[in-house]
Amino acid sequence: MQNKKSFASFLIFFVLLVAVLLKCADLLENKQSRIKYTPFFESETNFDVIFMGTSHTYNSIFPQELWREYGITSYNWGYSNCTIVEDYYILQDVLKYTNPKLIVIDLYGLIEYENYGGYGNGKYRSDRIEQQHVQFDVIPLSLNKIKASQDIFDDYEGNIDFIANFFMYHNRWTELAEQDFNSDVSPEKGGQFLTGLGKNVCFNMIENDERMEIESVCYQYLLKLVDYCSINDIQVLCVYLPYPAEKGQQLVANSMEDLLKDYSNCRYINLLNREILNMTTDIFSDGGHLNYMGGCKVTSWIGQYISENYKINNYLNDSAYAIHWNNDYEDYLNYKIKNICNHDDIYEKLLLTYGTDFEIELSIAKECHVESEDTIISEFIKELVDNVSIVNVEEVYVKDIPCDIYLSIKCVENQEIIDSAGYTYENGVYTYIQ
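Numbering (this note's numbering), first residue to last: 99 to 532.
1) What whole-angstrom Cβ distance do M391 and E481 have, given they're in contact under 8 Å?
2) Who pairs with C439 in a beta bridge, going by DSSP?
3) Name the one or two DSSP bridge partners that N174 has.
4) Pick from D455, V315, V147, Y504: whose alpha carbon is nearest that of T181?
5) Do you know offhand how far S470's Cα is from I479's?
6) Would you kindly report the start and end of the unbroken beta strand (DSSP E) that includes Y254?
7) Relative to the alpha-carbon of E492, which residue among L205, N352, P340, C466 has its alpha-carbon at the smallest distance?
8) Y523 and D502 - do their beta-carbons sit closer together than 7 Å?
9) Determine whether the beta carbon atoms of C394 and G453 lie at a separation below 7 Å.
10) Any chance the region 184 to 203 sits against the region 133 to 145, with 3 or more Cβ pairs inside 8 Å?
11) For M303, which residues in the same chain have their Cβ closer than 8 Å to its Cβ, ignoring the five residues on either side in sequence?
12) Looking at I516: is its Cβ nearer than 7 Å to the Cβ of I400?
13) Ignoring anything shorter than 4 residues or poking outside the region 189 to 238, list the alpha helix (DSSP H) runs there in chain order.
14) Can you give me the start and stop residues for the beta strand (DSSP E) that R365 sits inside?
15) So for T529, helix, strand or coil by DSSP?
16) Please give me, in chain order, every unbroken run of the alpha helix (DSSP H) with length at least 4 that falls completely inside the region 384 to 419.
17) Have a look at C364, Y419, D146 and flag the residue whose alpha-carbon is nearest the alpha-carbon of Y173.
18) Can you tell which of S247, L239, Y495 has its C-alpha closest to the C-alpha of Q230?
19) Mark E255 as exposed unless 16 or more other C-beta atoms lie within 10 angstroms of its C-beta, in which case mark it buried.
20) Taking only the alpha-carbon atoms, compute the straight-line gap between R365 and N407 and give it to the nearest angstrom.
21) With a threshold of 8 Å on Cβ separation, who are the neighbours of D307 within its own chain once the five nearest residues in sequence on each side are excluded?
22) To the nearest angstrom, how far is the alpha carbon of E373 from that of Y504?
23) Would the region 422 to 431 count as touching the region 285 to 299 if we require 3 or more Cβ pairs under 8 Å?
24) Can you name the start and end residues of the beta strand (DSSP E) that E355 belongs to?
25) Just grab the DSSP bridge partners of Y504 for me.
26) For C336, report the span of its beta strand (DSSP E) as first-last.
27) What's the call for L120, buried or exposed, on a 16-neighbour Cβ count within 10 Å?
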């Protein structure tokens, strides 16, 4: 009897210990992967289009905007420094949860990671391991995930972390933040819009016929990905998303058309030479990515191309889809409103109003000549021509304080003013009046 009691006590202790360890592992895990991808795994509808690639995809393609304009259901699996080798394996797990008709993959990074920094196997960026974890942590353990960790990270001594990440996060106690204790997820369906504005951006386009030889491990895995999609009856659209690319990237973009033309299930578009962007208003502050306005333009262009060239459904009038996606869009709209209200910079407020969700009234004092003096503001006004109205007044006040510009932003859906702000303007500098 005593032995039975001892065994029962041990069993209870063991179960409690395992439960505590699992809870600790759950708490200590970096939540960025869950924040980005939980909505994918919990979705009640299918995703007809999956976007893949690096941060250029992550910050340039907005599935919620794609839904709003074209009724396309999609998810963005792009992330910073995610290589095509990683995409090849990730896609195989993604297909366990959805049945896409089209994979859209941006080819930035096709040669970047080859012998990166003089070391590495070319399959991942070895100094950004934490970014690779964002892509893999949320994926349930599977044979494919084990194969991926052994192949991609074959020269990384901690590759076991990609199978059981508790070993990586077990000492993360000092890094715990508020997001570790709540279950909030991103409303952006895998994408992420940026709000800064790059200034004095230069883009010198080369001739379309300039080429280079492409040979990298990522290129070999791109061909494997295209073949894998062909076997699974999935179309592939390879793109080079637009941004102020240097000559080397333009050479890669120009060269890919010839290399992919023989694949019947694959098309390629070089968007670097499509003149989609306004380099004054659409570039993020780092000069190498797009901000929200630029991303919206690219998303709209891609959406139109998909609608015209692929048999992808428009679900806007399909109640089975619309009830879920429209509710999710409401969360996304509120997220945009929150971002507008949280930014004081006049340029950032303006670029976040791009699209059909907002109307802007810009009251400008008579003695202020901002439209003629500030080329950036004048470019924003041109870009927002469909939803901005200019009111020239004698004087402008905010809380009895005189200012030069007063900005009022209205939500089209409910016609409510969601934000307003006043600014003084002098010598090209705007000062926010609280």
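Even for Gly, the Cβ is constructed at its ideal location relative to N, Cα and C.
So, to answer that:
1) Within the sequence shown, numbered from 1, the residue matching residue 391 stands at position 293. Within the sequence shown, numbered from 1, the residue matching residue 481 stands at position 383. With 8 Å as the limit, M391 and E481 qualify as a contact, their Cβ atoms being about 7 Å apart.
2) Reading the sequence shown from its first residue, position 341 is the one you call residue 439. In the DSSP assignment, C439 forms no beta bridge with any residue.
3) Taking the first residue of the sequence shown as 1, we reach residue 174 at position 76. DSSP lists F149 as the beta-bridge partner residues of N174.
4) Residue 181 sits at position 83 when you count from the first residue of the sequence shown. Restricting attention to D455, V315, V147, Y504, the CA atom closest to the CA of T181 is found in V315.
5) As a working note, residue 470 is residue 372 in the sequence shown. As a working note, residue 479 is residue 381 in the sequence shown. In a straight line, the C-alpha of S470 is about 12 Å away from that of I479.
6) For the purposes of this step, residue 254 is identified with residue 156 of the sequence shown, where counting begins at 1. Here Y254 belongs to no beta strand (DSSP E), and DSSP marks it neither H nor E.
7) Counted from its first residue, the sequence shown places residue 492 at position 394. The shortest C-alpha separation from E492 is found at C466.
8) Stepping through the sequence shown from its first residue, residue 502 is reached at position 404. Stepping through the sequence shown from its first residue, residue 523 is reached at position 425. Going by C-beta atoms, D502 is nearer than 7 Å to Y523.
9) Along the sequence shown, read from residue 1 onward, the residue named residue 394 stands at position 296. Along the sequence shown, read from residue 1 onward, the residue named residue 453 stands at position 355. If you check the CB distance, C394 and G453 come in under 7 Å.
10) Inter-segment contact for the region 184 to 203 and the region 133 to 145 is present: three or more beta-carbon pairs are separated by less than 8 Å.
11) Position 205 of the sequence shown, counting from 1, holds the residue named residue 303. A distance below 8 Å between beta-carbons, with the five flanking residues on each side excluded, links M303 to the following residues of its chain, in chain order: Q348, L370, N371.
12) Residue 516 sits at position 418 when you count from the first residue of the sequence shown. Residue 400 sits at position 302 when you count from the first residue of the sequence shown. For the 7 Å CB-CB criterion, I516 and I400 do not form a contact.
13) For the region 189 to 238, the continuous alpha helix (DSSP H) assignments of 4+ residues that do not extend past its boundaries occur at 227 to 234, in sequence order.
14) Reading the sequence shown from its first residue, position 267 is the one you call residue 365. In this chain, the beta strand (DSSP E) harbouring R365 covers 364 to 368.
15) The count along the sequence shown starts at 1 and reaches residue 529 at position 431. Here T529 sits in strand by DSSP.
16) Whole alpha helix (DSSP H) segments, 4+ residues: 390 to 407.
17) Here the question's residue 173 lines up with position 75 in the sequence shown. Nearest to Y173 by alpha-carbon distance, out of C364, Y419, D146, is D146.
18) Translated into the one-based positions of the sequence shown, residue 230 becomes position 132. The shortest C-alpha separation from Q230 is found at S247.
19) Indexing the sequence shown from 1 puts residue 255 at position 157. Looking at its Cβ environment, which holds fewer than 16 other Cβ atoms inside 10 Å, E255 is exposed.
20) Start at 1 with the first residue of the sequence shown, and residue 365 comes out as number 267. Start at 1 with the first residue of the sequence shown, and residue 407 comes out as number 309. When rounded, the distance between both Cα atoms is 10 Å.
21) The residue you call residue 307 lines up with position 209 of the sequence shown. Answer for D307: N352, listed in chain order.
22) Position 275 of the sequence shown holds residue 373. Position 406 of the sequence shown holds residue 504. Taking the straight line joining both Cα atoms gives about 32 Å.
23) Using a C-beta cut-off of 8 Å, the region 422 to 431 makes contact with the region 285 to 299, since at least three inter-stretch Cβ pairs fall below that distance.
24) Taking the sequence shown and counting its residues from 1, the one referred to as residue 355 is at position 257. Careful: E355 lies outside any beta strand (DSSP E), inside the alpha helix (DSSP H) at 345 to 358.
25) In the sequence shown, the residue the question calls residue 504 occupies position 406. Note: Y504 sits in a beta bridge opposite S461, G520.
26) Sequence index remark: in the sequence shown, residue 336 carries index 238 (1-based). Its beta strand (DSSP E) spans residues 333 to 338.
27) Position 22 of the sequence shown, counting from 1, holds the residue named residue 120. Any reading at L120 must be qualified, since the residue scores a pLDDT of 45, below 50, and its modelled position is unreliable; no value is offered.
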